[in-house]
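In what follows, a structure is listed as structure tokens, so that the remarks can point back to it.
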Amino acid sequence: MPVPEPIKFDVFFDYQCPFVYRVAGLLDAVRRSGDRVLDVRWRYFSLTQVNSKNDGWTVWDAPAAEHVRGRLAFQAAEAARRQGLFESFHRAMLLARHRDQLDIDDRKIVEEVAAKEGVDVDRFRSDLEDPAILEPLALDHRQGVLEHGVFGTPTLVFADGVCAYVRLSEPVNGSGAVEVFDRLMAVAAAEPRILEIKRPKRPSQA
């Protein structure tokens, strides 16, 4: 039986975003099914930066002593990447934030997540202090905005440059995941003329 062609795309994400968690769960379920081969590159994108009203201020250049929502998670993800453990750490961080409702702006919690994923914690701590650890965030975020017009997360960017901002109303991680994924791809990747579909809330749902 021939191996399906990999479906390649980038996903711009912020760990604080529940819709990122849902899309990640969908993609994991599709992978586990074995029916589709996904080649996903996770790209950093700061919602704190998007929501900032301070011109000239950036998440990546703000003083280390300043509390910046979501910044520690990006630093931690890049520190795990330096040890070749991004994928497992990435999943663990999403679970910690959205399943377990943990504060991933708390360094102790982030270090505990890292340790559970086999990260060398001493090196991890050292890398968190490296000023260059935020350079990939700055690069990804700026590229997302300037080249793809990314404004929120998760945004999927396909090989031909077509982009789609995706919000799932609930987790999809069971036997229907492949069907949902295929429908998503049919609109998001194959039909770029559809710019937006938004379901209004009925009064009873508000």
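The C-terminal position of the sequence shown is numbered 1372 in the working numbering, with every residue numbered one higher than the one before it. Backbone N, C-alpha and C define an ideal beta-carbon position, used for all residues, glycine too.
Could you check the C-alpha separation between residue i and residue j for me, to the nearest Å?
i: V1216; j: F1317; result: 7 Å
i: R1359; j: E1345; result: 22 Å
i: V1276; j: A1355; result: 34 Å
i: V1234; j: V1225; result: 7 Å
i: G1200; j: A1343; result: 11 Å
i: R1265; j: E1295; result: 28 Å
i: E1232; j: R1247; result: 24 Å
i: Y1181; j: P1302; result: 15 Å
i: S1341; j: F1211; result: 30 Å
i: W1223; j: D1272; result: 22 Å
As a quick exercise: from the options, pick the residue whose alpha carbon is nearest that of residue i.
i: V1203; options: D1293, E1171, G1315 and L1213; result: E1171
i: D1205; options: F1211, S1212, L1213 and V1196; result: V1196
i: D1306; options: R1209, C1183, F1175 and V1189; result: R1209
i: A1325; options: R1207, F1185 and D1180; result: R1207
i: P1297; options: L1238, L1192 and L1361; result: L1238
i: G1191; options: G1222, R1257 and A1246; result: R1257
i: F1252; options: R1333, A1280, S1292 and D1271; result: A1280
i: A1245; options: L1268, L1260, D1288 and W1223; result: D1288
i: F1290; options: D1221, Q1241 and V1186; result: Q1241
i: F1178; options: S1254, K1274, R1308 and S1218; result: R1308
i: R1188; options: D1176, D1221, L1261 and W1223; result: L1261
i: K1364; options: E1357, S1341, E1336 and V1332; result: V1332
i: D1176; options: S1218, F1255 and C1329; result: C1329
i: M1351; options: A1243, P1366 and V1323; result: V1323
i: V1186; options: L1213, R1198, K1174 and I1173; result: L1213
i: N1339; options: L1193, P1320 and I1173; result: L1193
i: S1374; options: P1366, R1198, K1219 and E1278; result: Only positions 1167 to 1372 of the chain appear in the structure, and residue 1374 is not among them; the question remains open.
Which partner residues does residue i have in the DSSP bridge list?
i: D1201; result: Paired residue(s): none; D1201 is not in a bridge.
i: Y1181; result: In DSSP, Y1181 forms no bridge with anything.
i: A1280; result: A1280 is not bridged to any residue.
i: Y1210; result: F1179
i: K1174; result: D1205
Could you pull out every residue in the same chain whose Cβ sits closer than 8 Å to the Cβ of residue i, ignoring the five residues on either side in sequence?
i: D1286; result: Q1249
i: A1228; result: V1234 and R1237
i: D1269; result: I1275
i: G1315; result: C1329
Grab the span of the beta strand (DSSP E) containing residue i for me, first residue to last.
i: A1322; result: Per the sequence shown, the amino acid found at residue 1322 is Leu instead of Ala. Here the beta strand (DSSP E) through L1322 covers T1321 to F1324.
i: A1231; result: From DSSP, A1231 is part of no beta strand (DSSP E); its letter is neither H nor E.
Using a Cβ-Cβ cut-off of 8 Å, state whether residue i counts as contacting chain C.
i: D1271; result: Annotation note: the requested chain C is absent from the structure, which comprises a single protein chain.
For residue i, collect the residues of the same chain with a Cβ closer than 7 Å to its Cβ; drop the 5 residues on either side in sequence, then sort them by chain order.
i: P1184; result: H1264
i: D1293; result: A1245, R1248 and I1299
Could you spell out where the alpha helix (DSSP H) holding residue i opens and where it closes?
i: A1298; result: Premise fails: A1298 is in no alpha helix (DSSP H) and is neither H nor E.
i: A1246; result: R1237 to R1248
i: A1330; result: Premise fails: A1330 lies in the beta strand (DSSP E), C1329 to Y1331, not in any alpha helix (DSSP H).
i: R1257; result: F1252 to L1260
i: R1349; result: A1343 to A1354
For residue i, which residues in the same chain have their Cβ closer than 6 Å to its Cβ, ignoring the five residues on either side in sequence?
i: F1284; result: The identity of residue 1284 in the sequence shown is Gly, whereas the question assumes Phe. None.
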